[in-house]
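Start counting at 1 in the sequence shown, then tack on 26, and there's your number in my numbering.
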Amino acid sequence: RRGFADDSDAPLSDPLAEKMRRQKLVEEADKRLMDDLFSGCERPADYVPPTAASAVAAAARAKMTKAAAPVVDPVDAVALRSYKDCEQFATKLGKKIRESPAKSPAWLRLLDLLIKDCSPKMDMKDLVSLQKKLQSAVADREKESKQIVEKKKKPNDVGSKMKNYQDEVDMLYGDLSQDEEDDDEEAFL
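So, in structure tokens, the structure goes:
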């Protein structure tokens, strides 16, 4: 404890007490900073500044509240006994999926896991039906992407190019190109 201006600056021998002392110093520095920052602002009449003891008590209350509340897995509450139960679960899950920001790899993994667990319980005809639905979804997606690519491409407009070519010839040679066509028609008569 030698060499320190004040005994409160000297490190303590107990690590826990030293940690608490440092925490208190940090809190006091934060309080001074906040008081300086908000100086001139009025505080409400019923304001009571938090103390370390009240913070510890609040943390203990929160810990007891957490310990008292049992942890419940929401999937355990789902009962999939009938077609209707599965349909309701799929509707709720579909809503969550549509609202989710997750990307394609997450959904691929989800479907892989679900198919792995569901396929042993499914009949062969139902698996074939699932396969056809997936193939249809792939075909629809390919069709959409082709349409998007076609919309991005510029159309091949031959008519306007020919008009532009005719305008270029007229500009270079005057209206001679029209006269030559008339001459060709007279020669055949």
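Heads up, the beta-carbon is just placed ideally off N, CA and C, and yes, glycines get one too.
No experiment lies behind these values; they were computed from the predicted model shown.
Taking C-alpha positions only, ARG58 is separated from MET46 by approximately 18 Å.
Counting only unbroken stretches of 4 or more residues, the alpha helix (DSSP H) elements lying wholly within the stretch 119-170 are 130-144, in sequence order. When the beta-carbon positions are compared, SER145 and LEU153 come within less than 8 Å of each other.
Taking C-beta atoms as the reference points, LEU51 and GLU44 fail to come closer than 8 Å. Distance from ALA105 to ASP111 at the Cβ level is roughly 6 Å; contact confirmed, criterion being Cβ atoms closer than 8 Å. Judged by DSSP in its simplified three-state form, ASP40 adopts coil rather than helix or strand. Rounded to the nearest angstrom, the gap between the Cα atoms of ASP166 and LYS159 is 10 Å. In the three-state reduction of the DSSP assignment, ARG107 falls in the coil class, being assigned neither a helical nor a strand state. Residue state for VAL195 is assigned as helix, using DSSP reduced to three classes. Closest option to LYS118, judged by alpha-carbon separation, among ALA132, LYS129, VAL101: VAL101. SER126 and ARG107 have their alpha carbons spaced roughly 27 Å apart. CA-to-CA, the gap between PRO41 and LEU63 works out to about 33 Å.
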